[in-house]
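What follows is one structure encoded as structure tokens, with my remarks underneath.
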Amino acid sequence: MRTKLILVLCAVFCIAFSSSAYGQSYAITNARIVTVSGPAIEKGTIVVREGLIFAVGANVAVPADAIVFDGTGMTVYPGFIDAVSNLGMPAAPQRPAGPGGGAAAAAAAAAAQQAPTSNSNYPAGLRPEDMAADDLRAGDGQFEAARAAGFTTALVTGRSGIFNGQSAVINLAGDNVSGMIVRSPLAHHISFATIPGGYPGSLMGTFSALRQMFLDAQRQMEIEKLYEANPAGIRRPAADRSLSALYPALNRQMPVVFNAVTEREIVRALDFIREFNLRGIIAGGHEAGSVVDRLKAQNVPVIFSLNLPRRTTSAAADADPETLMTLRMREAVPKAPAALNNAGVKFAFQSGGLQSLTDFFANAAKTTENGLSKEAAIRAMTLGAAEILGVDKQLGSIEVGKIANLAVVKGDVFARDRFVSRVMVDGKVFEFKEQPRPPQGGPRGPGGPGGNPGGGAGGPGGPSVAGTYNITINIPGQPLPATLTITQQGNTVSGTMTSQLGTTAMTGNMSASGFSMSGGIEFGGSSITIVMQGSVAGSQISGNIDSPQGQIPFTGTRNP
Numbered sequence: 018m019r020t021k022l023i024l025v026l027c028a029v030f031c032i033a034f035s036s037s038a039y040g041q042s043y044a045i046t047n048a049r050i051v052t053v054s055g056p057a058i059e060k061g062t063i064v065v066r067e068g069l070i071f072a073v074g075a076n077v078a079v080p081a082d083a084i085v086f087d088g089t090g091m092t093v094y095p096g097f098i099d100a101v102s103n104l105g106m107p108a109a110p111q112r113p114a115g116p117g118g119g120a121a122a123a124a125a126a127a128a129a130q131q132a133p134t135s136n137s138n139y140p141a142g143l144r145p146e147d148m149a150a151d152d153l154r155a156g157d158g159q160f161e162a163a164r165a166a167g168f169t170t171a172l173v174t175g176r177s178g179i180f181n182g183q184s185a186v187i188n189l190a191g192d193n194v195s196g197m198i199v200r201s202p203l204a205h206h207i208s209f210a211t212i213p214g215g216y217p218g219s220l221m222g223t224f225s226a227l228r229q230m231f232l233d234a235q236r237q238m239e240i241e242k243l244y245e246a247n248p249a250g251i252r253r254p255a256a257d258r259s260l261s262a263l264y265p266a267l268n269r270q271m272p273v274v275f276n277a278v279t280e281r282e283i284v285r286a287l288d289f290i291r292e293f294n295l296r297g298i299i300a301g302g303h304e305a306g307s308v309v310d311r312l313k314a315q316n317v318p319v320i321f322s323l324n325l326p327r328r329t330t331s332a333a334a335d336a337d338p339e340t341l342m343t344l345r346m347r348e349a350v351p352k353a354p355a356a357l358n359n360a361g362v363k364f365a366f367q368s369g370g371l372q373s374l375t376d377f378f379a380n381a382a383k384t385t386e387n388g389l390s391k392e393a394a395i396r397a398m399t400l401g402a403a404e405i406l407g408v409d410k411q412l413g414s415i416e417v418g419k420i421a422n423l424a425v426v427k428g429d430v431f432a433r434d435r436f437v438s439r440v441m442v443d444g445k446v447f448e449f450k451e452q453p454r455p456p457q458g459g460p461r462g463p464g465g466p467g468g469n470p471g472g473g474a475g476g477p478g479g480p481s482v483a484g485t486y487n488i489t490i491n492i493p494g495q496p497l498p499a500t501l502t503i504t505q506q507g508n509t510v511s512g513t514m515t516s517q518l519g520t521t522a523m524t525g526n527m528s529a530s531g532f533s534m535s536g537g538i539e540f541g542g543s544s545i546t547i548v549m550q551g552s553v554a555g556s557q558i559s560g561n562i563d564s565p566q567g568q569i570p571f572t573g574t575r576n577p
């Protein structure tokens, strides 16, 4: 009897301890709270428990067991959403190219298309059954730069193909993929691209192939319905996983996102959407302002890319002048979100392949300088995005019961000197350290602003990571020595990593917690993307390298 009592007490203790650990609560107090779904609370409290928003308001009591963060001088936003992204996805296979490589490139591409990697009747790139979640990589390290910018959620899809893969909405934290996924699959994604070395090899062929696949899927679906209703006397229809993957789109159960930037591409996408009665979405949409009436009439939202057009050629006197069309486009694109908003077209923001997520907010500011209100811009990166992605009951605003995805920001969210002090992702806290800034107009020492060689990190006065390092990449059972060279100019870092695998050029930026650089390594005839996240303390450097094969730590020392 005594043994039984002890076992019962142990069980009760374990359950209570587990509940306490899982039910840890947090409170952010004295902060300005932008709920997005309602009016802002000028000085309020948010309580988070078990990964959910438990309470929010001006007069909320702080639980006795809560870990408290003082938000004085801070503004709390719903975690920002990148509405189309490749975060966590492996790099696209390299396309062979170069002088004299035409026939060889075509042969290699054709061989890749024929590789037995799928039971599909269609070549790689024309397989709508492919899912982003199958290739998604977990691990907090690869999302550090995005979180430091205030992002907590992204819609991710593949990097290549005509069908880019059925996308997934993920939260940007988690040790495993299943823990990151909020919704999968979400939508089909289609790019007006071609298949090198195979069919379709032209845009005309791409439109033809897409239309034929959707027509074939319609016919296949009708045949299967007839067979299911009465199979007698009807030849059994052959299964086709690629065509059946299109059934939810044809039945309006799954949206189809068309990557369309120019007015011509958008019009073609709208024609396709109308022909097959799809739940269409335009992604990119730089010239969407020219077709707002049609977007509104067809009820097609736009996920607008904040990778705004900019001059890429030298501004030297002997440089070729830009065309009038280019100049007009660069002037018109930042005005498109205001045009969409004024016409009542739903829209959200995406990074669109920006090299630095700092530019996401700087470019969003440009849209507010061109007619869009700041409130509408914030909504486009929070609740507006969640509504288009169909996850607004879980994300996008600060409301009781929603997932605790929060961004705590110091300063104007659209300013370059904004600072994200912490984010919560699924209630998990990530904190960032602000780099000190000297007074405006202060003295400059040698080597750049603030007296740091290489210009310093995070602006004037920040630490420098510039230098050459001997590092060891700690691959289990086979440590790999390498030389890492980093140059630095303000918040921008670049460099090379040289090992027995060759030399890799890398670029990136500084965050409050260190540096982040990415680059491609040629391996096995293809290119894989790696992301190096690290920090420097004195002469010591350490961090992690994220690759499609997982996360690998590295350590090293700076050369004198």
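Quick note: the sequence shown uses this note's numbering, first residue 18, plus one each step.
By construction, the Cβ of each residue, glycine as well, lies at the ideal position given by its N, Cα and C atoms.
| Query | Result |
| --- | --- |
| Nearest to alanine 166 (by Cα), restricted to the options Pro354, Tyr94 and Val186 | Tyr94 |
| Three-state class that DSSP yields for alanine 522 in the structure shown | strand |
| One or two residues paired with proline 570 in a DSSP bridge | Asn561 |
| Length of the line joining the Cα atoms of phenylalanine 13 and glutamine 41 | Because the chain spans 18 through 577 in this model, residue 13 falls outside it and cannot be assessed. |
| Element boundaries [beta strand (DSSP E), containing isoleucine 395] | Premise fails: isoleucine 395 lies in the alpha helix (DSSP H), 391 to 397, not in any beta strand (DSSP E). |
| Residue from Gly560, Gly306, Arg144 and Val273 with nearest C-alpha to arginine 281 | Gly306 |
| Same chain, Cβ closer than 7 Å to aspartate 434, neighbours up to 5 away in sequence not counted | Gly428 |
| Residue from Gln505, Val274 and Val309 with nearest C-alpha to alanine 356 | Val309 |
| Beta-carbon gap between methionine 106 and glycine 175 smaller than 9 Å | yes |
| Inter-residue Cα distance where the pair is methionine 346 and isoleucine 320 | 18 Å |
| Nearest candidate by alpha-carbon position, reference arginine 253, set Ser261, Leu260, Ser259 and Leu243 | Leu243 |
| Cα-Cα separation between methionine 1 and threonine 546, rounded to whole angstroms | For the chain, the structure presents residues 18 to 577; residue 1 sits outside this window and is missing. |
| One or two residues paired with tyrosine 244 in a DSSP bridge | For tyrosine 244, which the question treats as bridged, DSSP gives no partner whatsoever. |
| Nonlocal neighbours in the same chain, by C-beta distance under 8 Å from threonine 572, ignoring five residues either side | Ile488, Thr489, Asn491, Gln557, Ile558 and Ser559 |
| contact_flag[the stretch 357 to 369, the stretch 312 to 319] where n(CB pairs < 8 Å) is 3 or more | yes |
| One or two residues paired with leucine 501 in a DSSP bridge | Tyr486 and Met514 |
| Beta strand (DSSP E) runs contained entirely in the stretch 344 to 388, provided each spans 3 or more residues | 364 to 367 |
| Where alanine 483 falls, given that 16 or more other Cβ within 10 Å makes a residue buried | buried |
| Inter-residue spacing [alpha-carbon to alpha-carbon] between glycine 475 and methionine 527 | For glycine 475, the predicted structure reports a pLDDT of 41, less than 50, and the residue's modelled location is therefore unreliable. A value from the coordinates is still provided. If you take the alpha carbons of glycine 475 and methionine 527, they lie about 6 Å apart. |
| Candidates Ala522, Ser390, Ile503 and Thr169, of which the one nearest glycine 551 by Cα | Ile503 |
| Assigned exposure category for glutamine 183 - 16 Cβ within 10 Å defines buried | buried |
| Which listed residue (Thr500, Ala382 and Ala397) has its alpha carbon closest to that of asparagine 576 | Thr500 |
| Residue environment, threonine 52, which counts as buried when at least 16 other CB atoms sit within 10 Å | buried |
| Leucine 172 beta carbon less than 9 Å from that of alanine 100 | yes |
| Glycine 95, enclosing beta strand (DSSP E) - first and last residue | Note on residue identity: the sequence assigns proline, not glycine, to residue 95. From DSSP, the beta strand (DSSP E) with proline 95 extends over 92 to 95. |
| 9 Å Cβ cutoff, serine 373 in contact with chain D | Structure shown: chain D not included; a single protein chain is present. |
| Valine 77 to isoleucine 84 span [Cα, whole Å] | 15 Å |
| The stretch 201 to 213 / the stretch 269 to 287 touching (three or more Cβ pairs under 8 Å) | yes |
| Collapsed DSSP secondary structure at proline 577 in the structure displayed | coil |
| Unbroken alpha helix (DSSP H) run spanning aspartate 288, endpoints | 280 to 292 |
| Option nearest alanine 185 by Cα separation, candidates Gly369, Thr170 and Ala365 | Thr170 |
| Buried versus exposed, by CB contacts within 10 Å (16 or more), arginine 228 | exposed |
| Reference valine 426; option with closest CA among Leu406, Phe293, Glu448 and Ala234 | Glu448 |
| Candidates Glu146, Ala300 and Phe377, of which the one nearest leucine 325 by Cα | Phe377 |
| Completely contained beta strand (DSSP E) runs for the stretch 406 to 457, where each covers 3 or more residues | 423 to 427, 436 to 442 and 445 to 448 |
| Sub-9 Å separation of threonine 509 and threonine 520 beta-carbons | no |
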